[in-house]
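Asks: Please find one structure pasted underneath; my questions will follow.
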Amino acid sequence: MKRMKGLIIIILTITIWFGGLQTFAAFDKSTLPKQIDIGLYFGSTAKSTLQVKTSMGFVIGKYDGNNFNQIELLLSDNEIILRKDSYYAGMGGNYVEYTGDIHKAGNLNIQGPYHLQLGDTYNSWYEAKEFMESLATDEKLFIAIDEGYKVYTGLFITEEVAREKAEALRAELSLNPEVVPPSSYMVQVLSKEGNPLFMYSSKEGIYLSAFNDKGETPLLNLDGRNFRGEVTAKRMEDNDMAIINRVNFEEYLYGVVPKEMSYNWPMEALKAQAVAARGFAAASMNKFITKGFNLCSTVNSQAYGGYDSEHPNTNRAVDETKDIVMTYEGELIIPYFHANSGGLTEDSENIWSGTVPYIRGIQDDYSLNTNHSTWSKNMTMDEIKSALLKNNIDIGDILSIEVTSRSKNGRILTMVVKGTKGEEVLEKQKSRTIFGLRSSWFEVIQEGGSTAMVMAAEGNPTSMSLQGKNLLSASGLKKIETTTKITVSNGETNKEFHGTANSFVFNGKGYGHGLGMSQYGAMTMAELSFSYKEILLHYYTGIKVE
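Our numbering applies: residue 0 is where the sequence shown begins, and numbers increase by one.
In structure tokens, the structure reads:
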């Protein structure tokens with residue numbers, strides 16, 4: 000019986016011990032994206048026109064899942080213009096959007112957003128093309144893709160002008176042309192001479208790729224910059240065109256890693272950056288989905304420079320870590336990174352609001368004594384005031400700045416700026432971003448104020464700032480604060496002195512938010528022969544590299 004009790008205790012102990020362990024299945028890498036849509040221009044940078052070039056012409060196509068299906072080839076044109084369906088003034092290929100009154104355009108050559116549809120709506124480009132080629136007319140005809148394939152003509156400025164042309168074509172072709180009114184979704188594709196090649200609706204998912212049958216990397220040149228993959232112009236709520244580059248997911252990383260980390264850094268650091276960039280993109284695919292793409296090309300997502308930014312070293316780092324990501328409890332992490340931690344990384348909640356279990360502050364000596372590990376910035380009172388006003392904070396003339404709380408890792412949680420009209424409490428990252436500082440880990444030193452000639456210990460008079468000094472008066476010893484005004488009298492004349500500072504010095508550590516991987520720390524670790532996996536495991540708490 001005693002042996003049975005002992006066996007039960009052992010079984011219970013083992014059950015409890017193993018029951019406390021959680022196991023997580025390996026991450027399913029088949030769920031990683033195959034393509035990604037990158038917003039190159041949108042919002043305030045959206046385009047009304049875009050020049051696109053290739054070396055050998057274009058392929059028009061649509062995606063079916065991950066497969067790009069060709070619709071037509073444009074091999075006679077290696078330079079085209081994408082523009083929204085609107086009003087333009089100019090000639091040839093040199094047109095600019097016209098926003099004035101078309102009835103007061105004078106002698107300007109105006110093109111407009113009214114068109115004529117000839118014939119029916121067809122199921123394919125080739126059916127529409129066959130019909131178009133059967134028409135005996137000198138009019139410039141082109142295909143429009145909008146809930147089917149249609150044959151259009153004209154860039155008319157008014158409905159009346161379009162109707163006049165419709166009457167002429169009705170007699171010429173024995174057809175009944177229909178006026179097509181302006182659409183906020185349509186995009187025109189023109190030759191470099193300004194002739195319409197085709198049009199498409201943003202709802203149709205039309206993309207253009209570069210044709211190349213010589214085994215070379217097909218490239219699209221967009222306003223002077225080269226990109227892999229395809230391009231589309233999509234009209235959104237702001238009416239101008241968002242320019243979107245769809246590219247193979249791994250090839251997208253070719254254009255990211257060298258923008259985030261110098262290509263001549265050690266290979267293991269580049270590999271760590273490649274894994275971080277892959278994970279960030281894969282975990283953030285819905286960031287801009289309401290705008291019609293996944294991520295943007297700026298640091299608001301992660302910097303992406305396309306083909307022109309690629310380098311063999313960084314491409315190798317991407318290739319040699321293909322499909323490798325970081326997970327926490329079986330799920331992809333968002334691997335935040337920054338330039339330099341200054342010696343300590345930070346807990347996520349001390350920078351933003353939510354607690355992220357794998358973003359924990361750690362000791363990071365690898366970032367010390369490298370670029371940006373320390374910094375200093377001087378700002379005058381007026382510059383401080385101006386920076387606050389730009390952020391709609393008006394507290395009058397600046398009196399003082401005081402750090403009131405910090406995280407255990409040294410970064411500011413709250414900082415109070417006092418002025419003649421009140422005070423403002425700046426929390427966390429706001430303490431950094433308003434003043435354009437490199438990090439939120441800094442000390443504030445007030446400088447300036449009145450000076451006075453005082454007698455030094457050795458008996459020589461010397462000029463000295465009064466701020467922070469102690470003054471012995473009839474009422475006792477008093478420290479001269481920033482707002483202190485002192486009146487000194489010799490019995491005949493009075494002189495005023497002020498403790499008020501006229502500038503602030505911010506002495507800080509690190510560069511960036513301080514979350515996750517420090518890039519300069521990764522560089523040092525790679526120089527010390529750490530592998531990219533060891534680098535990542537150092538900076539991200541409790542994760543797996545798989």
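Note that beta-carbon positions come from the ideal geometry of N, C-alpha and C, so glycine has one too.
Take every Cβ of the region 207-224, pair it with every Cβ of the region 103-114, and state whether three or more of those distances are shorter than 8 Å.
Replies: Touching, no.
Asks: Suppose contacts are defined by Cβ-Cβ distances below 9 Å. Is Tyr357 in contact with Thr98 by that definition?
Replies: In this structure, Thr98 does not lie closer than 9 Å to Tyr357 by Cβ.
Asks: Can you list, in chain order, the residues of its chain with a C-beta nearer than 7 Å to that of Thr216? Leave out the 5 residues immediately preceding and following it.
Replies: Arg227.
Asks: Going by DSSP, what residues sit across from Phe57 in a beta bridge?
Replies: DSSP, once it has assigned bridges, lists Leu73 and Ala209 as partnering Phe57.
Asks: Closest to Tyr151 by C-alpha separation, out of Ala170, Tyr121 and Glu159, would be which residue?
Replies: Minimum Cα distance to Tyr151 is reached at Tyr121.
Asks: For Leu398, name the three-state secondary structure that DSSP assigns.
Replies: Looking at Leu398 - three-state DSSP - the assignment turns out to be strand.
Asks: Run through the region 371-433 for me and flag every whole alpha helix (DSSP H) of 4 or more residues, listed as ranges in chain order.
Replies: Counting only runs of 4 or more, we get 380-389 and 429-432.
Asks: Run through the DSSP bridge pairs and tell me what Lys46 is partnered with.
Replies: DSSP output for Lys46 lists Met240 as bridge partner(s).
Asks: In this structure, how does DSSP classify Ile323 when only helix, strand and coil are distinguished?
Replies: Three-state DSSP puts Ile323 in coil, outside helix and strand.
Asks: Please work out which residues of its chain come closer than 7 Å, Cβ to Cβ, to Ser308, disregarding the five sequence neighbours upstream and downstream, and give them in chain order.
Replies: Excluding positions up to five away in sequence, the list reads Gly254, Pro257 and Lys258.
Asks: Helix, strand or coil: how does DSSP classify Leu343 here?
Replies: Leu343: strand per DSSP, three-state reduction.
Asks: Does any heavy atom of the ligand NAP sit closer than 8 Å to the C-beta of Arg315?
Replies: With respect to the ligand NAP, the structure shown offers nothing to examine, as it has no ligands at all.
Asks: Whether or not the region 182-193 and the region 232-246 are in contact is what I'm after, with contact meaning three or more pairs of Cβ atoms, one per stretch, closer than 8 Å; do they touch?
Replies: They touch, by the three-pair rule.
Asks: So Lys61 and Gly204 are in contact, right, with Cβ under 8 Å, and what is the actual spacing, rounded?
Replies: Yes, they are in contact, since the Cβ atoms of Lys61 and Gly204 sit about 5 Å apart, within 8 Å.
Asks: Could you check what DSSP says for Asn65 in three-state terms: helix, strand or coil?
Replies: In the structure shown, Asn65 sits in coil (DSSP, three-state: anything other than H, G, I, E or B).
Asks: Helix, strand or coil for Pro195? Go by DSSP, reduced to three states.
Replies: If DSSP states are grouped into helix, strand and coil, Pro195 belongs with the strands.
Asks: Helix, strand or coil, according to DSSP, for Lys33 in the structure here?
Replies: In the structure shown, Lys33 sits in coil (DSSP, three-state: anything other than H, G, I, E or B).
Asks: What three-state label does DSSP hand Arg359 in the structure shown?
Replies: If DSSP states are grouped into helix, strand and coil, Arg359 belongs with coil.
Asks: Once you ignore the five residues that flank Ser404 on each side, which residues in its own chain have a CB closer than 6 Å to its CB?
Replies: So the list reads Leu412 and Thr413, once near-sequence residues are dropped.
Asks: Between the Cα of Lys83 and the Cα atoms of Gly64, Ala143, Leu49 and Asn390, which residue gives the shortest distance?
Replies: When only C-alpha atoms are compared, the closest one is Leu49.
Asks: In three-state terms, what does DSSP make of Asn501?
Replies: Asn501: coil per DSSP, three-state reduction.
Asks: With 16 as the cutoff for other CB atoms within 10 Å, does Arg169 come out buried or exposed?
Replies: Classification of Arg169: exposed, given that the 10 Å Cβ count is below 16.
Asks: Given this structure, state the Cα-to-Cα distance separating Leu535 from Asp222, to the nearest angstrom.
Replies: Their Cα atoms are separated by approximately 37 Å.
Asks: What separation, rounded to the nearest whole angstrom, lies between the Cα atoms of Asp318 and Asp27?
Replies: Using only the alpha carbons, I get a separation of about 19 Å.
Asks: So, Lys321 versus Glu267, is the Cβ gap smaller than 9 Å?
Replies: No, Cβ-Cβ distance for Lys321 and Glu267 is not below 9 Å.
Asks: In or out: Pro334 buried (at least 16 other Cβ within 10 Å) or exposed?
Replies: That one is buried.
Asks: Under 6 Å Cβ to Cβ from Lys191, same chain only, skipping five residues before and after it: list those, please.
Replies: If we look at Lys191 and ignore the five residues flanking it on each side, its Cβ neighbours are Glu78 and Gly92.
Asks: Quick one: what does DSSP say Asp364 is sitting in, helix, strand or coil?
Replies: Helix.
Asks: Report yes or no: do three or more beta-carbon pairs, one from the region 503-517 and one from the region 352-369, lie closer than 8 Å?
Replies: Contact between the region 503-517 and the region 352-369 is present, because at least three Cβ pairs lie under 8 Å.
Asks: If you draw a straight line from the C-alpha of Ala521 to the C-alpha of Ala271, how long is it?
Replies: Ala521 and Ala271: Cα-Cα distance of roughly 8 Å.
Asks: Tell me whether the beta-carbon of Trp124 lies closer than 9 Å to the beta-carbon of Ile144.
Replies: Going by C-beta atoms, Trp124 is nearer than 9 Å to Ile144.
Asks: Is it the case that the Cβ atoms of Pro176 and Leu81 are separated by a distance below 9 Å?
Replies: Their beta carbons are not under 9 Å apart, which means Pro176 does not touch Leu81 by this criterion.
Asks: Let me make sure I understand the geometry here. Which of Leu269, Lys128 and Leu174 has the alpha-carbon closest to that of Ala525?
Replies: It is Leu269 whose Cα lies nearest to the Cα of Ala525.
Asks: Please confirm whether Leu134 and Leu117 have their CB atoms less than 9 Å apart.
Replies: It is a contact, given that the beta carbons lie within the stated cut-off.
Asks: Taking a contact to mean a Cβ-Cβ separation below 9 Å, would you say Lys376 touches Arg437 in this structure?
Replies: Yes, they are a contact pair.
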